[in-house]
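J.: If you read the protein sequences in the order shown, they are chains R and P.
Mapping of the first sequence onto the numbering used here: residues 33 to 639, in sequence order.
Mapping of the second sequence onto the numbering used here: residues 91 to 377, in sequence order.
Just so it is clear, CB atoms sit at the ideal spot from N, CA and C, and this is done for glycine as well.
Predicted, not measured: the structure shown is a model, and the values here were computed from it.
Here it is, the structure in full.
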Amino acid sequence: MTTPLPTPDLLTRNPLPPGEHLSADNYLNHSRGLWSWLSTLDHKRIALMYMAGILFSFFLGGIFALLIRAELFSPGQNILPQLPDKIISGQMTYHPWQDTYNQVFTLHGAIMVFLFIIPSIPSIFGNFVLPIMLGAKDVAFPKLNLASFYLWAAGAVLFIGAIAVGGLDTGWTFYTPYSIKDSDAVFAGVLPATAGAFILGFSSILTGINFIASIHMLRPAGMTWFKMPLMLWALYATAVIQILATPVLAITLLLLIAERAAGIGIFDPTKGGDPVLYQHFFWFYSHPAVYIMILPAMGVVSEIISVFSRKHIFGYAFIAMSSLAIALLGFLVWGHHMFVSGQSNVASAIFSFFTFFVAIPSAVKVFNWLATMFRGSIWLKSPMLYAMSFIWVFTIGGLTGLFLGALATDVHLTDTYFIVAHFHYVMVGGTVFAFLAAVHYWWPKMFGKMYCETGGILAWFFVFFGFNLTFFPQFIMGSHGMPRRYADWSIDAWKARFPDADLSFISHNIHLFSLCHKLSTIGAFLQLVGFLILAGVLIHSLVKGRLAPRNPWGANSLEWHTSSPPPLENFKHAPLANDPYDFQSWHWNDDLHGFTQHETPEPGGAN
Amino acid sequence: MTQAQPITPDTPHDHDPHVAHHFHSAEQQIANGKLGMWIFLATEVLMFGGLFCGYAVWRRNVPDSFAYGHLLLNTLWGAINTLVLISSSFTMAWAVRAAQLGQRKLTSILLVLTLCGAAGFMAVKYHEYHHKFEIGTGPGRFFNIDKIKEHFHSEPPRVAASPEHAPAPVTNTSGGNATSLPAPAPTPDSGLAVNQTPVHTQHLTEAHLTAEMVIKSRNFIDIYFLMTGLHGLHVLVGMILIAWLLVRNLRGHFSPRYNAPVDLVGLYWHLVDLIWIFLFPLLYLIQ
Numbered sequence: 033m034t035t036p037l038p039t040p041d042l043l044t045r046n047p048l049p050p051g052e053h054l055s056a057d058n059y060l061n062h063s064r065g066l067w068s069w070l071s072t073l074d075h076k077r078i079a080l081m082y083m084a085g086i087l088f089s090f091f092l093g094g095i096f097a098l099l100i101r102a103e104l105f106s107p108g109q110n111i112l113p114q115l116p117d118k119i120i121s122g123q124m125t126y127h128p129w130q131d132t133y134n135q136v137f138t139l140h141g142a143i144m145v146f147l148f149i150i151p152s153i154p155s156i157f158g159n160f161v162l163p164i165m166l167g168a169k170d171v172a173f174p175k176l177n178l179a180s181f182y183l184w185a186a187g188a189v190l191f192i193g194a195i196a197v198g199g200l201d202t203g204w205t206f207y208t209p210y211s212i213k214d215s216d217a218v219f220a221g222v223l224p225a226t227a228g229a230f231i232l233g234f235s236s237i238l239t240g241i242n243f244i245a246s247i248h249m250l251r252p253a254g255m256t257w258f259k260m261p262l263m264l265w266a267l268y269a270t271a272v273i274q275i276l277a278t279p280v281l282a283i284t285l286l287l288l289i290a291e292r293a294a295g296i297g298i299f300d301p302t303k304g305g306d307p308v309l310y311q312h313f314f315w316f317y318s319h320p321a322v323y324i325m326i327l328p329a330m331g332v333v334s335e336i337i338s339v340f341s342r343k344h345i346f347g348y349a350f351i352a353m354s355s356l357a358i359a360l361l362g363f364l365v366w367g368h369h370m371f372v373s374g375q376s377n378v379a380s381a382i383f384s385f386f387t388f389f390v391a392i393p394s395a396v397k398v399f400n401w402l403a404t405m406f407r408g409s410i411w412l413k414s415p416m417l418y419a420m421s422f423i424w425v426f427t428i429g430g431l432t433g434l435f436l437g438a439l440a441t442d443v444h445l446t447d448t449y450f451i452v453a454h455f456h457y458v459m460v461g462g463t464v465f466a467f468l469a470a471v472h473y474w475w476p477k478m479f480g481k482m483y484c485e486t487g488g489i490l491a492w493f494f495v496f497f498g499f500n501l502t503f504f505p506q507f508i509m510g511s512h513g514m515p516r517r518y519a520d521w522s523i524d525a526w527k528a529r530f531p532d533a534d535l536s537f538i539s540h541n542i543h544l545f546s547l548c549h550k551l552s553t554i555g556a557f558l559q560l561v562g563f564l565i566l567a568g569v570l571i572h573s574l575v576k577g578r579l580a581p582r583n584p585w586g587a588n589s590l591e592w593h594t595s596s597p598p599p600l601e602n603f604k605h606a607p608l609a610n611d612p613y614d615f616q617s618w619h620w621n622d623d624l625h626g627f628t629q630h631e632t633p634e635p636g637g638a639n
Numbered sequence: 091m092t093q094a095q096p097i098t099p100d101t102p103h104d105h106d107p108h109v110a111h112h113f114h115s116a117e118q119q120i121a122n123g124k125l126g127m128w129i130f131l132a133t134e135v136l137m138f139g140g141l142f143c144g145y146a147v148w149r150r151n152v153p154d155s156f157a158y159g160h161l162l163l164n165t166l167w168g169a170i171n172t173l174v175l176i177s178s179s180f181t182m183a184w185a186v187r188a189a190q191l192g193q194r195k196l197t198s199i200l201l202v203l204t205l206c207g208a209a210g211f212m213a214v215k216y217h218e219y220h221h222k223f224e225i226g227t228g229p230g231r232f233f234n235i236d237k238i239k240e241h242f243h244s245e246p247p248r249v250a251a252s253p254e255h256a257p258a259p260v261t262n263t264s265g266g267n268a269t270s271l272p273a274p275a276p277t278p279d280s281g282l283a284v285n286q287t288p289v290h291t292q293h294l295t296e297a298h299l300t301a302e303m304v305i306k307s308r309n310f311i312d313i314y315f316l317m318t319g320l321h322g323l324h325v326l327v328g329m330i331l332i333a334w335l336l337v338r339n340l341r342g343h344f345s346p347r348y349n350a351p352v353d354l355v356g357l358y359w360h361l362v363d364l365i366w367i368f369l370f371p372l373l374y375l376i377q
């Protein structure tokens, strides 16, 4: 069933009360002052505080990314300086410049993963939208929600403090035995960084508890499990992973801290420990963590694809069940990060099998989204641009994951740029694109302002093409052997590092590597342009944007049944449960520049 | 269509003052609290589960350490701790019931008893830890080989491998108790050299430990401190929560209509007890 695109002739019978969309009293202006924000229990304000912190973290992680790409533009040392080490007999000594590079990529990864991606969609959009989609006044445990935010902030401070204390160059994975060496050989930032990640983990766990309890307990009468918006299924599956996987990260980091601080020999082979055990512990969390990153993104895409195709989502039950399947199967594949770490062939084969298996529910979702779009009325606004980009780019990322799940090819591709490209395709092309889609989709609801659509499209253009230019060449050079985490890809650096090896593959490929690195760097700076344009568009929207109607997109989930921005308690009149993907009752209203509903159904049925 | 009155925080409402605004009934609030606490307990199980997995891995990797190490633990103290904790779980459960029935005085008494049990547990733990540090068997960098050599006799060098007699000396000077012990009954498998993994250790007691054996048990000591240390931290947190409940109860906050906090802390306390019930056999009893 499709609803017609908005035409200027359709008028509502019951226009909104004058000034309805101005929202005289809403959650933003209900109380004023910094303390009213810092002590708020309102999930919407907590979401905005998270947004400020998380966007700042994205910016910081992005700076490190640009430093990486600027350094790698050409061989040899380019822009990264040597960092001071210690003073010996009155003279300052320096770490080699490559150590600076190691710090930069470590901090890029760690900040992006722990401070940005894992909290991003759940903590911002989950927090804002979940209670409203449930027709509820708040989440199940509002005080716990605020505590989650402060835990995130404390973890972030510790994390960033690690830079000040001495830096971190272990890679975001903190692999032993390097990460447990004494600090005169290694930068001292491991301890505050792991402590920060530990605290961030608790923020994640408490959010997960809150969301599960909310979805179980706060659904209104008539909203059975299979009548919820798919965003809630996605958040629920994410929360299940958060509560089951994150405690294992907590204990892993505790053990790492105990090893560094108290010298307990758990992973240290000289003390009878096992460094590969660390990898097992670490990846037991970190693989499900990537599903924490992608499941909410898929939830966002499910919502947006349906609304902007003006068509009921196809295969609702399959998408819902796939979310749960991904959550559960994701716990069975951690060993695919360790195919070359010396685990047995039998274990590797089992992990490989499950890796292929977990791709199936993701594919199910992609096919359902495409089927939703088929014969729909595509309305190509910014949220839809990002959602469609997601499908394309995530599919590439997911398919390249299959190369890595196959044992024979993985052995060649491990620790090359192929891996870097794969996970950036799914994390940036996947989660970040869906994050941007969510920003564009819910912005009018959150702030009561529209943004300049042309600016949004322009920003998308730079981000999308910049992203592909950054990472697609990395697949190519990775499959030709370009290793990751190398500060210097010049032939001389290789010869210095491997004086006796056969480096003919370098000289054959050096021109390819050079081209790919240059393209990749250009792409990164194109992305920067896109993000700067986007920042401008959003700031302009806040300052001078047109006031938003309650339903600019003609969606039907419950958040679009309240004003933009919503009042403090979310609804002035408690809403009834509905089918969130039935758009027939919404019609375009030119005066309000949005969709409105008829009070009663038209005789003869709406078309 | 009639419009319902808009709901604002200033709208006069007649609900139970204990029920938060975003819930529509006390039952909903209680059910939410219970679900939230059970999910939290699941996360705790996962966290300790990681440590138990580690225990299994190390037990397989360094069996020597486990064979000797557990002899350093005093099973009696462990058993006392187990009893104390189980009793405190009992008093806690009873306290929950008393709170539900509105028996304020009884609730206070039972909470105090629970606290006493917890404190007793921590006291025993302190005593055990203190002793370990004293004889040099602390975790990580507190593992002091010199102190160990002072407290435990060294193995005299074996001249010939004897299949029938363990070379453990007759007198035992560990811990300052100088008692003479009969030589252990010779069995075919108890011939032990310093660098041989013992096949059966049930014939050994702490008295038979040599300094070399203790030094080998370093990994076990680390794991022991990690697992009981993390557990002890949880006991401390539990004590703080129970003390908080006690203060609230003395102030008359709880009634048959509102006693969820007692229930929820009780759930947490039972889990802390349950974890100890797993720890005790794995560390103290297994041989």
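Apply the 10 Å Cβ neighbour rule to Ala395(R) and answer buried if 16 or more other Cβ atoms are within range, or exposed otherwise.
T.: So Ala395(R) ends up on the exposed side.
J.: Which residues share a DSSP beta bridge with Pro515(R)?
T.: Thr448(R)
J.: Let me know the secondary structure DSSP gives Lys481(R) once reduced to three states.
T.: Secondary structure at Lys481(R): strand, using DSSP grouped into helix, strand and coil.
J.: Count the other CB atoms within 10 Å of the CB of Thr92(P); is the residue buried (16 or more) or exposed (fewer)?
T.: Residue confidence is low: Thr92(P) scores 41 on pLDDT, short of 50, so the model does not pin down where it sits. Its coordinate-derived value is still stated next. Flag for Thr92(P) reads exposed.
J.: Indicate the three-state DSSP secondary structure (helix, strand or coil) for Pro633(R) in the structure shown.
T.: In this prediction, Pro633(R) scores a pLDDT of 46, lower than 50, which makes its location untrustworthy; the coordinate-derived value is nonetheless stated afterwards. Three-state result, Pro633(R): coil.
J.: Report the residue from His619(R), His127(R), Ser338(R) and Asp447(R) whose alpha carbon sits nearest the alpha carbon of Phe371(R).
T.: For the residues His619(R), His127(R), Ser338(R) and Asp447(R), the minimum Cα distance to Phe371(R) belongs to Asp447(R).
J.: May I ask you to report which of helix, strand or coil DSSP gives Leu375(R)?
T.: The amino acid occupying residue 375(R) in the given sequence is Gln; Leu does not appear at that position. Of the three classes helix, strand and coil, the one that applies to Gln375(R) here is coil, per DSSP.
J.: If I follow the unbroken beta strand (DSSP E) through Tyr126(R), where does it start and stop?
T.: Gln123 to Tyr126
J.: Can you tell me which of Ser121(R), Leu147(R), Ile150(R) and Leu104(R) puts its alpha carbon nearest to the alpha carbon of Thr132(R)?
T.: Leu104(R)
J.: Can you name, in chain order, every residue of its own chain whose Cβ lies under 6 Å from the Cβ of Pro107(P), other than the five neighbours on each side?
T.: none
J.: Output needed for Trp492(R): all residues of its chain with C-beta closer than 6 Å, excluding positions within five of it in sequence on either side, in chain order.
T.: Leu417
J.: Phe173(R) touches chain P at which residues, Cβ-Cβ below 7 Å?
T.: Gly126
J.: Identify every run of the alpha helix (DSSP H) within the segment 111-195 of chain R, keeping only runs that are complete inside it and at least 4 residues long; order them along the chain.
T.: 129-142 and 159-165
J.: List, in chain order, every chain P residue whose beta-carbon is nearer than 7 Å to that of Pro307(R).
T.: Ordered by position in chain P, no residue passes the 7 Å Cβ test against Pro307(R), which lies about 12 Å from the chain.
J.: Cα separation between Gly144(P) and Asp57(R)?
T.: C-alpha separation (whole angstroms): 55 Å.
J.: Among Tyr314(P), Leu316(P) and Trp334(P), which residue has its Cα nearest to the Cα of Val202(P)?
T.: Val202(P) has its Cα closest to that of Trp334(P), out of Tyr314(P), Leu316(P) and Trp334(P).
J.: Quick check: the Cα distance between Met330(R) and Met182(P), rounded to an integer number of angstroms?
T.: 45 Å
J.: Can you check which of these residues, Ser552(R), Phe494(R) and Leu402(R), is closest to Met509(R) by C-alpha distance?
T.: Ser552(R)
J.: Determine, for His111(P), whether the minimum Cβ-Cβ distance to residues of chain R falls below 8 Å.
T.: yes
J.: At a Cβ threshold of 8 Å, is Gly462(R) touching chain P?
T.: no
J.: Just verifying my parser: in three-state terms, what is the DSSP assignment at Phe370(P)?
T.: helix
J.: What is the rounded straight-line gap between the Cα of Gly430(R) and the Cα of Ile423(R)?
T.: Our two residues, Gly430(R) and Ile423(R), have alpha carbons roughly 10 Å apart in a direct line.
J.: Can you tell me the Cα-Cα spacing of Leu200(P) and Asn349(P), whole angstroms?
T.: 15 Å
J.: Which residue wins for smallest C-alpha separation from Lys259(R), given the options Glu601(R), Asn602(R) and Ser589(R)?
T.: Ser589(R)
J.: If you draw a straight line from the alpha carbon of Ile241(R) to that of Ile129(P), how long is it in whole angstroms?
T.: 6 Å
J.: Ala188(R) to Ile231(R), Cα distance in whole Å?
T.: 9 Å
J.: So, is the C-beta of Leu54(R) closer than 8 Å to a C-beta in chain P?
T.: Residue placement at Leu54(R) is poorly supported in this model, since its pLDDT is 49, which falls under 50; the coordinates are not used for a value here.
J.: Per DSSP, what kind of secondary structure is Leu80(R) in: helix, strand or coil?
T.: helix
J.: Do Lys481(R) and Leu579(R) have their beta-carbon atoms positioned less than 8 Å apart in this structure?
T.: yes
J.: Which residue wins for smallest C-alpha separation from Pro279(R), given the options Asp300(R), Lys477(R), Pro320(R) and Cys548(R)?
T.: Pro320(R)
J.: With 16 as the cutoff for other CB atoms within 10 Å, does Phe537(R) come out buried or exposed?
T.: exposed
J.: Do the CB positions of Phe243(R) and Tyr268(R) come within less than 8 Å of each other?
T.: yes
J.: Check the Cβ-Cβ distances between Ala301(P) and every residue of chain R, and say whether any is below 8 Å.
T.: no
J.: Could you tell me whether the Cβ of Val147(P) comes closer than 8 Å to any Cβ of chain R?
T.: yes
J.: Can you give the Cα-Cα distance for Tyr323(R) and Gly362(R), rounded to whole angstroms?
T.: Taking the straight line joining both Cα atoms gives about 7 Å.
J.: Does the CB of His248(R) have a neighbour CB from chain A at under 8 Å?
T.: Absent from the structure is chain A; the protein chains it does hold are R and P.
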